[in-house]
Amino acid sequence: MFNKPKIFLSHSKKDIDFIKKVKHDFDYCKIDTWLDEIDIQHGESWLDQIFENGMPTCNAVLVYITENSISSPMVKKEIDSAIISKFKDSNVNVLLYVENESIRNELRVDLRSLHCPVWNTENYHVLLPKIVSEIYITYMSKQVELAVQSEKIRRLQAESELKDIKNSSTSSPFTPSEESEFEYIYNNFNMQIEIHAEWKWKADNETYTNGIGNYYVDLGKLMYQYEYHESGLISNSAYDHFIQKHIKIISQTIPPFKDAYVSISQGVHIVEKLLTYGIVFVVEDDSRDRLSQRLSRMWQTVYKHYLSDKFHRYRFWLEYNKKYQEDTLFIINK
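The sequence shown begins at 1 in this note's numbering and counts up one residue at a time.
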């Protein structure tokens, strides 16, 4: 299931019609909203729900300031400088919008120094995509940060596990089923594929080529030696770029022009094999580049591949059993 960003809507009760329209459009863009009249149940403490279960649980706080809300005690409390500072420390983005230019001059000095765009019924649809994009940027930045932190923790745990194993007298750190499965995966990746590489460059609106040569790529060594990103995101094109980079290094052919680049005749399509063995998994990605398409009812689902926990276990198994030497390249001249 797609995890959605969540935003708290701070407003005056007198502006509820405008805020309900905002909520409706945010819901359409897969943004959860926290609205007091909907999310506070009968009998619950209003203040506790807003400042303990409302604002802190959101990725962003949108404050809509009008003539109605600028004198509202509750809105003043929600944009208290100490609260805003606390939110920034917690990576909660505070988005301030004013109904008109004159409202901005009535704000506190610290708030006037912030970017407070004018947003009203006249420019509503012009500004809406930008606001949605900013909410998603904040949300995705936080998700990437959490993924990187999680990856670092997994690596530290794996390093600690490896250290404990080396210092102990136990036999294999892998279960019999892991040994069998990893050996099977290793044998299926222990193969070479042939690729043809060429220099390519453009001149006078024409594309020119000049052959470099044929190469053998060892899929198992490629998977082991690839420089993986901390987020665990992987793709066939990323592997292809890695191959092209090393062809440049080992090639004895001088490129015809300084802006020439290496092109390979066919990709390795390794991600499909990794997916077959559960070494990667697929997640649905709602890219912010497609937000404007979504607002135009032209939404298309995009998928991305990430390394699974099994990959880290399998790579540990390769290292533990010394299946590959660090000084042996995954690519050789034919």
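We put the CB at the ideal spot given by N, CA and C, even for glycine.
Problem - Cβ distance (whole Å) where S231 is taken to contact A158 below 8 angstroms - result: Your numbering for residue 231 matches position 231 in the sequence shown. Your numbering for residue 158 matches position 158 in the sequence shown. About 17 angstroms separates the two Cβ atoms, so there is no contact after all.
Practice task
Taking V61 and F26 to be in contact with their CB atoms under 8 angstroms, please state how far apart those CB atoms are, rounded to whole angstroms.
Solution key: To locate residue 61, count along the sequence shown from 1; it is residue 61. To locate residue 26, count along the sequence shown from 1; it is residue 26. About 13 angstroms separates the two Cβ atoms, so there is no contact after all.
Handout entry: Which residues DSSP lists as bridging E319, in chain order
Key = Your numbering for residue 319 matches position 319 in the sequence shown. None, per the DSSP bridge assignment.
Practice task
Mind checking which residues open and close the beta strand (DSSP E) that includes N93?
Solution key: Here the question's residue 93 lines up with position 93 in the sequence shown. Segment N93 to V98, the beta strand (DSSP E) holding N93.
Handout entry: As assigned by DSSP and simplified to three states, the class of H24
Key = To locate residue 24, count along the sequence shown from 1; it is residue 24. Here H24 sits in helix by DSSP.
Handout entry: K245 versus S235, G220 and A197, residue with shortest Cα-Cα distance
Key = In the sequence shown, residue 245 corresponds to position 245, counting from 1. Looking at the Cα atoms, A197 is the closest of the given residues.
Handout entry: Residue closest to P5, alpha-carbon to alpha-carbon, out of K30, I234 and K13
Key = Taking the sequence shown and counting its residues from 1, the one referred to as residue 5 is at position 5. The option with the nearest alpha carbon to P5 is K30.
Exercise for the section: Pull up the distance between the alpha-carbon of E101 and that of V126, whole angstroms please. Expected result: Looking up residue 101 in the sequence shown gives position 101. Looking up residue 126 in the sequence shown gives position 126. Their Cα atoms are separated by approximately 17 angstroms.
Exercise for the section: Please name the residue in N120, L107 and C116 whose C-alpha comes closest to that of E99. Expected result: Here residue 99 corresponds to residue number 99 of the sequence shown, with the count starting at 1. Taking only the C-alpha atoms, the option nearest E99 is N120.
Handout entry: Secondary structure of G232, DSSP reduced to three states
Key = Along the sequence shown, read from residue 1 onward, the residue named residue 232 stands at position 232. Three-state DSSP puts G232 in coil, outside helix and strand.
Problem - Under 9 angstroms between C-beta atoms of M223 and F189 - result: Working through the sequence shown from its first residue, we reach residue 223 at position 223. Working through the sequence shown from its first residue, we reach residue 189 at position 189. Contact flag set, yes.
Handout entry: Identity of the residue in K152, H11, Y139 and D17 nearest I312 by Cα
Key = If you number the sequence shown from 1, residue 312 lands on position 312. The question names Ile, yet the displayed sequence has His at residue 312. It is K152 whose Cα lies nearest to the Cα of H312.
Practice task
Just tell me which of L318, Q225 and D204 has its CA closest to the CA of N187.
Solution key: For the purposes of this step, residue 187 is identified with residue 187 of the sequence shown, where counting begins at 1. Of the listed residues, the one whose Cα sits closest to N187 is L318.
Practice task
Would you check if the distance between the CB atom of Y274 and the CB atom of I331 is smaller than 9 angstroms?
Solution key: As a working note, residue 274 is residue 274 in the sequence shown. As a working note, residue 331 is residue 331 in the sequence shown. A small fix is needed here, since residue 274 is Leu in this sequence, not Tyr. Against a cut-off of 9 angstroms, the Cβ pair of I331 and L274 comes out as no contact.
Practice task
Below 8 angstroms on the Cβ atoms is my guess for S265 versus I195; work out the distance and round it to an integer in Å.
Solution key: Numbered from its first residue, the sequence shown carries residue 265 at position 265. Numbered from its first residue, the sequence shown carries residue 195 at position 195. Going by Cβ atoms, the distance from S265 to I195 rounds to 6 angstroms, so yes, they are a contact pair.
Handout entry: Within the segment 133 to 212, ranges of the alpha helix (DSSP H) (whole runs, at least 4 residues)
Key = 176 to 189
Handout entry: Whole-angstrom distance between Y208 and H241, CA atom to CA atom
Key = Looking up residue 241 in the sequence shown gives position 241. Looking up residue 208 in the sequence shown gives position 208. When rounded, the distance between both Cα atoms is 20 angstroms.
Problem - Bounding residues of the beta strand (DSSP E) (the contiguous stretch that carries V118) - result: Here residue 118 is taken as the residue at index 118 of the sequence shown, counted from 1. Segment: none, V118 is in no beta strand (DSSP E) and carries neither H nor E.
Problem - G220 versus I279 - alpha carbon distance - result: Sequence index remark: in the sequence shown, residue 220 carries index 220 (1-based). Sequence index remark: in the sequence shown, residue 279 carries index 279 (1-based). Taking the straight line from one Cα to the other gives about 13 angstroms.
Handout entry: Residue ranges of each beta strand (DSSP E) within the segment 214 to 286, 3 or longer
Key = 261 to 264 and 280 to 285
Practice task
Report back the beta-carbon spacing between N59 and T138 to the nearest angstrom; my notes put them in contact at under 8 angstroms.
Solution key: Walking along the sequence shown from the start, residue 59 turns up at place 59. Walking along the sequence shown from the start, residue 138 turns up at place 138. Sure, about 6 angstroms apart at Cβ, within 8 angstroms.
Problem - Pick from D17, S69, Q192 and E179 that is closest to K310, judged by C-alpha positions - result: Counting from 1 along the sequence shown, the entry for residue 310 is found at position 310. Looking at the Cα atoms, E179 is the closest of the given residues.
Exercise for the section: Sort E106, G267, S160 and Q149 by Cα distance to F316 and report the nearest one. Expected result: What you label residue 316 is simply residue 316 of the sequence shown in a count that begins at 1. Checking every option, the nearest Cα to that of F316 belongs to S160.
Handout entry: Any non-hydrogen atom of the ligand SAM closer than 8 angstroms to Q157 Cβ
Key = The ligand content of the structure shown is nil, which means the ligand SAM is not present either.
Exercise for the section: Put S12 into one of helix, strand or coil per three-state DSSP. Expected result: Looking up residue 12 in the sequence shown gives position 12. Reduced to three states, the DSSP call for S12 is coil.
Exercise for the section: Please classify L329: is it buried, with 16 or more other beta-carbons within 10 angstroms of its beta-carbon, or exposed? Expected result: Translated into positions along the sequence shown, residue 329 becomes position 329. It is exposed - the Cβ of L329 has fewer than 16 other Cβ atoms within 10 Å.
Handout entry: First and last residue of the uninterrupted beta strand (DSSP E) at I70
Key = Position 70 of the sequence shown, counted from the first residue, corresponds to residue 70. No beta strand (DSSP E) contains I70, which DSSP labels as neither H nor E.
Handout entry: Distance between C116 and E67 (C-alpha atoms, nearest Å)
Key = As a first step, residue 67 must be located in the sequence shown, where it is residue number 67. As a first step, residue 116 must be located in the sequence shown, where it is residue number 116. Answer to the nearest angstrom: the Cα atoms are 15 angstroms apart.
Handout entry: Counterpart residues of L62 in DSSP-defined beta bridges
Key = On the sequence shown, position 62 is the one that residue 62 refers to. Paired residue(s): L9 and L95.
Handout entry: Distance CB(A260)-CB(W199) smaller than 9 angstroms
Key = Locating residue 260 in the sequence shown gives position 260, counting from the first residue. Locating residue 199 in the sequence shown gives position 199, counting from the first residue. The answer is yes: Cβ separation under 9 angstroms.
Problem - Distance between beta carbons of I65 and L114, contact taken as under 8 angstroms - result: The residue labelled residue 114 in the question sits at position 114 within the sequence shown. The residue labelled residue 65 in the question sits at position 65 within the sequence shown. The Cβ separation is near 11 angstroms, so there is no contact.
Practice task
Using 10 angstroms around the beta-carbon of N93, count the other beta-carbons present and answer buried if the total reaches 16, otherwise exposed.
Solution key: As a working mapping, residue 93 is identified with position 93 in the sequence shown. N93 is buried by the Cβ-count criterion.
Practice task
May I have the straight-line CA-CA distance separating H11 from V144, to the nearest angstrom?
Solution key: In the sequence shown, residue 11 corresponds to position 11, counting from 1. In the sequence shown, residue 144 corresponds to position 144, counting from 1. Looking at the two C-alpha atoms, the distance is approximately 30 angstroms.
Exercise for the section: Spatial neighbours of K14 within its chain, please: CB distance less than 7 angstroms, with the 5 preceding and 5 following residues excluded, ordered by chain position. Expected result: Taking the first residue of the sequence shown as 1, we reach residue 14 at position 14. Taking K14 as the centre and dropping the five residues before and after it, the same chain places the C-beta of N68 closer than 7 angstroms to its C-beta, in chain order.
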